[in-house]
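Reading through the structure tokens given below for one structure.
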Amino acid sequence: VVAGLGAEGMTVIEDVTHIDRGYERMDEKLSSVGADIKRVRM
């Protein structure tokens, strides 16, 4: 996730089950510090 934030272009992370289980509201917290992050169901 951190490497994706620092990379140029778009980063896609699939199957975020483990991230969700280990980090509460990670997408909201990253957005609050300026990350352009979106959760998309496919």
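The sequence shown begins at 11 in this note's numbering and counts up one residue at a time.
Don't be surprised by glycine CBs; every beta carbon is placed ideally from N, CA and C.
Just so you know, these numbers come straight off a predicted model, no measurement behind them.
For this session: Could you pull out every residue in the same chain whose Cβ sits closer than 6 angstroms to the Cβ of L40, ignoring the five residues on either side in sequence?
Result: For the purposes of this step, residue 40 is taken as residue 30 along the sequence shown, with counting starting at 1. Cβ within range, chain order: I47.
For this session: Return helix, strand or coil for M20, following the three-state DSSP convention.
Result: By one-based count along the sequence shown, residue 20 stands at place 10. Here M20 sits in coil by DSSP.
Problem set entry | M20 beta carbon less than 8 angstroms from that of I29 | Residue mapping note: residue 29 aligns to position 19 of the sequence shown, counting from 1. Residue mapping note: residue 20 aligns to position 10 of the sequence shown, counting from 1. Against a cut-off of 8 angstroms, the Cβ pair of M20 and I29 comes out as no contact.
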